[in-house]
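If you count by full-length UniProt numbering, then the sequence shown holds residues 1 to 313, one letter each, in order. Glycine residues also receive a C-beta, built at the ideal position from the N, C-alpha and C atoms. Because the structure is a prediction, the values reported are computed rather than measured. Working notes for the structure below.
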Amino acid sequence: MTALSVSHISKSFGSKLAVDDLSFSVAEGETFGFLGGNGAGKTTSLRMMLDIIPPDRGEIRVLGRPAARENATQIGFLPEERGLYRNMTALDTLIYFGRLKGLSGTDARSRGLALLERFGLSGEARKNIASFSKGMAQKVQIATALINRPRLLMLDEPFSGLDPINQALLEDEILRASREGAAVLFSTHIMQHAERLCDRLLILVKGRKRFEGTLSEALAGVSGNVTLSCRADPTALADVAEAHIAVSEHASDPEWKPWSVALKPGRTAADLLETCTREGFALRSFELPRPTLHDAFIAIAGTTSASGPEYPA
Numbered sequence: 001m002t003a004l005s006v007s008h009i010s011k012s013f014g015s016k017l018a019v020d021d022l023s024f025s026v027a028e029g030e031t032f033g034f035l036g037g038n039g040a041g042k043t044t045s046l047r048m049m050l051d052i053i054p055p056d057r058g059e060i061r062v063l064g065r066p067a068a069r070e071n072a073t074q075i076g077f078l079p080e081e082r083g084l085y086r087n088m089t090a091l092d093t094l095i096y097f098g099r100l101k102g103l104s105g106t107d108a109r110s111r112g113l114a115l116l117e118r119f120g121l122s123g124e125a126r127k128n129i130a131s132f133s134k135g136m137a138q139k140v141q142i143a144t145a146l147i148n149r150p151r152l153l154m155l156d157e158p159f160s161g162l163d164p165i166n167q168a169l170l171e172d173e174i175l176r177a178s179r180e181g182a183a184v185l186f187s188t189h190i191m192q193h194a195e196r197l198c199d200r201l202l203i204l205v206k207g208r209k210r211f212e213g214t215l216s217e218a219l220a221g222v223s224g225n226v227t228l229s230c231r232a233d234p235t236a237l238a239d240v241a242e243a244h245i246a247v248s249e250h251a252s253d254p255e256w257k258p259w260s261v262a263l264k265p266g267r268t269a270a271d272l273l274e275t276c277t278r279e280g281f282a283l284r285s286f287e288l289p290r291p292t293l294h295d296a297f298i299a300i301a302g303t304t305s306a307s308g309p310e311y312p313a
């Protein structure tokens, strides 16, 4: 079943077009990465999906229904701007959020205790948030998004500001939610988390979708530089767009120099290797580094993909 369907939504703030004709969908049990630089339109899009602000055009459906506040009982949300009531205990905080999500007091309490146990905070359940370390408070904040066992879990820059322990905890919880059938959508500009977690990705640049697909599809369009160790300058080879001597701490023979080689559009590393073989171009080594999602993002979005604030303060 499709948990979230976004069809041709747009949103402007005055003369600024923040989101431009955006469409995508997320299925139950799928983890979907919503990628973009600062000002790309990620937060504005999430706010429309949560019915915090309306789109100017287009349609959003959540679990088969129009986007509306009534969907909140089925949604878990972790905002980028986080905050807890410092004078409430950890357990009371989770009960409060559970009640907001439509749980009974008994269910909210039992689920809250279970989450605190899972997160290693059972001994702190009745202590005020004000006494918690930042990392402990972060765990409680994550738990507030999970208290209702959401069918759709939406996270806005969830890894921003988390310490490494809580980053790993959140990754585990995202995988757990997906295994249990929830649709998970998270926005991020930190590529390694998306690379590890996502079934599919969307890259947003200045409010417009530039790419949607799997990680392998994103990486397929990336032609990383080839590293050669050779005697002659490879610039003259037919497949080479440009080449420069690479820095190497292991170059022991000055006759063989390491080169970083960028290929011409449409040419592949296999083409270059075939050319070297055919022309008798001597090689000591030929390496093609594995491209990363960061490489794909730069290739798709460019190095200046951010456009400043998404909406007026």
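Checklist entry - Using DSSP with H/G/I as helix, E/B as strand and the rest coil, what is L146? => result Look at L146 here: in three-state DSSP terms it is helix.
Item to check | Rounded C-alpha distance that separates T144 from V226 | outcome: 47 Å
Checklist entry - Near R210, which residues of its chain fall below 8 Å by C-beta distance, leaving aside the five closest residues on each side in sequence? => result I203, L204, I300 and A301
Checklist entry - Opposite H244 in the DSSP bridges: which residues? => result Its beta-bridge partners are S260.
Item to check | Residue interval of the alpha helix (DSSP H) (run including T214) | outcome: Element bounds for T214: n/a, residue is neither H nor E.
Item to check | Contacts around F32, its chain only, beta-carbon distance under 6 Å, and the 5 residues preceding and following it disregarded | outcome: V26, L185 and R200
Item to check | Simplified DSSP assignment, three categories, for S104 | outcome: coil
Checklist entry - If you drop the 5 nearest sequence neighbours on each side, which residues of the same chain put their C-beta closer than 7 Å to that of G224? => result L288, P289, P291 and D295
Checklist entry - Applying the criterion that 16 or more other CB atoms from any shown protein chain within 10 Å of the CB defines a buried residue, is D156 buried or exposed? => result buried
Checklist entry - Where D271 and R278 are concerned, what is the direct C-alpha to C-alpha distance, given to the nearest angstrom? => result Distance between D271 and R278, taken at the CA atoms: about 10 Å.
Next on the checklist: For G135, which residues in the same chain have their Cβ closer than 7 Å to its Cβ, ignoring the five residues on either side in sequence?
Outcome noted: D163, I165 and N166
Next on the checklist: Please state the DSSP three-state secondary structure of V6.
Outcome noted: Of the three classes helix, strand and coil, the one that applies to V6 here is strand, per DSSP.
Checklist entry - For chain D, is any of its Cβ atoms less than 9 Å away from the one on N128? => result Judged by its chain identifiers, the structure shown contains no chain D, having just a single protein chain.
Checklist entry - Where does S15 land, buried or exposed, given buried means 16+ other C-beta within 10 angstroms? => result exposed
Checklist entry - For N128, does the three-state DSSP call read helix, strand or coil? => result In the structure shown, N128 adopts extended strand secondary structure according to DSSP, grouped into three states.
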